[in-house]
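Only one structure is covered here, and it is reproduced in the block below.
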Amino acid sequence: MLKMEGVWKTFNAGTVNEKTALSGLSLELKEGDFVTVIGGNGAGKSTMLNAVAGVWPVDEGKIFIDNVDVTKLPEHKRAKYLGRVFQDPMTGTASGMQIEENLALAARRGDFRFLKKGITHKEREYYRERLAKLGLGLEDRMTTKVRLLSGGQRQALTLLMATLKKPSILLLDEHTAALDPKTAAKVLEATDRVVEENHLTTLMITHNMKDAIVHGNRLIMMYDGHIIYDVAGEEKKRLKVADLLEKFEQASGGEFANDRMMLA
Amino acid sequence: MKFINALPGPVAQGLIWGIMAIGVYITYKVLDLADLTVDGTMATGGAVCIMMMQSGHSVGVSLFVAFLAGMAAGLVTGLFHTAMGIPAILAGILTQLGLYSVNLRIMDQKANVALAFGKYNQIVSLRWVRDVPFYQNTIFVSAIFVLVLIAVLYWFFGTDLGCAIRATGNNENMSRAQGINTNTTKLVGLMLSNGIVALSSALYAQYQGFADVNAGRGAIVIGLAAVIIGNVIFGKISRNFAFKLASVVLGAIIYWVVYQVVITAGLNANDMKLISALVVAVFLAVPYLKRKYFSKPVKRGGASNA
Chain A
2 MLKMEGVWKT
12 FNAGTVNEKT
22 ALSGLSLELK
32 EGDFVTVIGG
42 NGAGKSTMLN
52 AVAGVWPVDE
62 GKIFIDNVDV
72 TKLPEHKRAK
82 YLGRVFQDPM
92 TGTASGMQIE
102 ENLALAARRG
112 DFRFLKKGIT
122 HKEREYYRER
132 LAKLGLGLED
142 RMTTKVRLLS
152 GGQRQALTLL
162 MATLKKPSIL
172 LLDEHTAALD
182 PKTAAKVLEA
192 TDRVVEENHL
202 TTLMITHNMK
212 DAIVHGNRLI
222 MMYDGHIIYD
232 VAGEEKKRLK
242 VADLLEKFEQ
252 ASGGEFANDR
262 MMLA
Chain B
1464 MKFINALPGP
1474 VAQGLIWGIM
1484 AIGVYITYKV
1494 LDLADLTVDG
1504 TMATGGAVCI
1514 MMMQSGHSVG
1524 VSLFVAFLAG
1534 MAAGLVTGLF
1544 HTAMGIPAIL
1554 AGILTQLGLY
1564 SVNLRIMDQK
1574 ANVALAFGKY
1584 NQIVSLRWVR
1594 DVPFYQNTIF
1604 VSAIFVLVLI
1614 AVLYWFFGTD
1624 LGCAIRATGN
1634 NENMSRAQGI
1644 NTNTTKLVGL
1654 MLSNGIVALS
1664 SALYAQYQGF
1674 ADVNAGRGAI
1684 VIGLAAVIIG
1694 NVIFGKISRN
1704 FAFKLASVVL
1714 GAIIYWVVYQ
1724 VVITAGLNAN
1734 DMKLISALVV
1744 AVFLAVPYLK
1754 RKYFSKPVKR
1764 GGASNA
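See below:
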């Protein structure tokens, strides 16, 4: 469960590049919510996810995960609550390390790391099973360095890493945006499966409005650092891309007519 | 013939410097940091070891304390870098500079302290590279040190903590997302590296028969040269971590053998640092130049079929 209360974040305060990325953002996720997030460039979608992940401290407001106040916790200490997949396939994995080593690192998320074995024989068997389920043939390449994998393979692996140890919240930051449409569809399919199987509370940013409608049980639209539209359940299922476009128009006064999300 | 006769010396020297090069490998290759502290620690270890042996401590204790002194130096650089946000290179330079004064203090403000040969229970010496029983031979003793060190490091970098250090060198963002405190892993890596360098320094001071405040000048370049030579010559053979460490030591041996050749050929020993610097510069430039002038155009859409 996630709760954000009146979160503010301004970058480069006091300079010409000053940018208020989050302006009083409040959001509450119920256990098992799968929320898709849409919004134009600079609406604060990624900033919201980074605020949850603790990449930097927020200026104001509170963030709770599982009813624990994590507002002051550094990134590595919040990691035990969070599974994360990033937009850039390079970001989520250690490219110079083997597939199984990456999984072992992820399996220890939030644990104290000292002189125990970095990967055990029993683990390997388990990873092999989990990799086989991805259906990409990675189970036969467990000692391959991740740098040799394609973008789609990496994202699928990162998704597995993020959920290997059940996270309280799964954060997906446009994790299919850098992939070709066919691969993106596959990774999204895998995402749906893993969220469903593990009953994960999920925040998924996407630039594709169709995806935002089809996936998840709730949709939020962001503009100017806060949420301007929040829809769930049956109402969300009935949404059409045209409805979302209209909402955008209203919110932005037509300013986003050329935004790239219109093309999606 | 003169050269062959002179060979055991550089081999022993290469083995001892190989330990130092392994320390450099940990920061430069595993942690992806350029740590210049080692120019200081390469004198500190010897200073600590020689002074302790002279005041009656056993060689084992002296080596161990030298190792700890190196770790302390690494800790200082690590804190400069992580807690105070100073770029790693600059943090290393600061520690290195400070260590010069510290090293002089350790050596009672003398620039050079000799260890009288035969008076102390030293374990390596340049007089013991031939015509002694094999177990006393410095090449044998240093090789044991190298093998034990490689074995310990092979084990260590397979542990949770070791893997976390490797992950930090690979991808800091990913490491933090997996709950790794990257400041801690950097500190541990820098301490381990400098401890190993100080151990090498302690052995080298015994080998030469003196500790010298300038013993570390340019050490980082020799260490990098060893890492690069080892990687270029043996890098394609195996990806095994222990083998990579071994190839770094072989790189150090090759460095000192070549050094010997150059000296025997009549070149001025003082020019060797210039030659080392140029060799390292060329090898560091090769990957960049290759990319820039010899890279094949990337095919579009080639790598996206997952």
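First to last, the sequence lines map onto chains A and B.
Just so we're on the same page, our numbering is the position in the first sequence counted from 1, plus 1.
Just so we're on the same page, our numbering is the position in the second sequence counted from 1, plus 1463.
For every residue, glycine included, the Cβ atom is placed at its ideal position computed from N, Cα and C.
In the structure shown, GLN1641 (chain B) adopts coil according to DSSP, grouped into three states. Judged by DSSP secondary structure, ASN209 (chain A) falls outside any beta strand (DSSP E); it is assigned neither H nor E. Closest in alpha carbon position to ILE1696 (chain B), among B:ALA1475, B:LEU1610 and B:ILE1717, is B:ILE1717. Note that the segment 96 to 103 of chain A touches the segment 144 to 162 of chain A; at least 3 beta-carbon pairs, one per stretch, sit closer than 8 Å.
LEU1752 (chain B) and PHE65 (chain A) have their C-alpha atoms roughly 50 Å apart. Close to chain A, meaning a Cβ-Cβ distance shorter than 9 Å, are the following residues of the segment 1619 to 1630 of chain B: PHE1619, PHE1620, GLY1621, THR1622, ASP1623, LEU1624, GLY1625, CYS1626, ALA1627, ARG1629 and ALA1630. Residue-level contact check: MET205 (chain A) does not touch chain B, since none of the beta carbons of chain B fall below 8 Å from its beta carbon. The residues LEU1478, GLY1481, ILE1482 and VAL1712, in chain order, have a CB closer than 7 Å to that of VAL1609 (chain B) in the same chain once the five nearest residues on each side in sequence are set aside. Between ILE1613 (chain B) and ALA1627 (chain B), the C-beta spacing is not below 8 Å. Rounded to the nearest whole angstrom, the C-alpha separation of SER1588 (chain B) and GLY1548 (chain B) is 42 Å. In the DSSP assignment, ILE66 (chain A) is bridged to A:LEU3 and A:VAL69. In this structure GLN1669 (chain B) is not in contact with LEU1747 (chain B), their Cβ atoms being roughly 32 Å apart against a cut-off of 8 Å.
In the DSSP assignment, ARG85 (chain A) falls outside any alpha helix (DSSP H) and lies within the beta strand (DSSP E) extending over 83 to 86. The segment 1657 to 1673 of chain B makes no contact with the segment 120 to 128 of chain A, as fewer than three CB pairs between them are under 8 Å.
Scanning A:GLU76, A:LEU161, A:LYS46 and A:PRO75 for the CA closest to the CA of VAL195 (chain A) turns up A:LEU161.
Following the DSSP letters along the chain, one finds ARG1590 (chain B) in no beta strand (DSSP E), marked with neither H nor E.
Closer than 7 Å at the C-beta level to chain B, one finds these residues of the segment 73 to 100 of chain A: GLU76, HIS77, ALA80, LYS81, ARG85, THR92, GLY93, THR94, ALA95, SER96, GLY97 and MET98. Taken through DSSP and simplified to helix, strand or coil, ILE1586 (chain B) comes out as coil. With respect to the 8 Å criterion, THR1558 (chain B) and ALA1536 (chain B) are classified as neighbours on the basis of their beta carbons.
Taking the Cα of THR1631 (chain B) as reference, the smallest distance to any Cα among B:PHE1580, B:TYR1491, B:PHE1603 and B:PHE1704 is reached at B:TYR1491.
By the criterion of at least three beta-carbon pairs nearer than 8 Å, the segment 172 to 181 of chain A is in contact with the segment 197 to 209 of chain A. Contact annotation, GLY84 (chain A) with VAL71 (chain A): C-beta distance approximately 15 Å; criterion of less than 8 Å not satisfied.
Between LYS10 (chain A) and VAL59 (chain A), the C-beta gap is smaller than 8 Å, which places the two residues in contact. In this chain, the alpha helix (DSSP H) harbouring ILE1628 (chain B) covers 1623 to 1633. For GLY1693 (chain B), the closest Cβ of chain A is not nearer than 8 Å. Ranked by Cα distance from GLU236 (chain A), the options A:LYS134, A:GLY217 and A:PHE249 are led by A:GLY217. GLU102 (chain A) belongs to the set of residues whose beta carbon lies under 8 Å from a beta carbon in chain B. Under DSSP, PHE1673 (chain B) forms a beta bridge with B:ALA1577. Assigned with DSSP and collapsed to three states, ALA1546 (chain B) falls in coil, not helix or strand.
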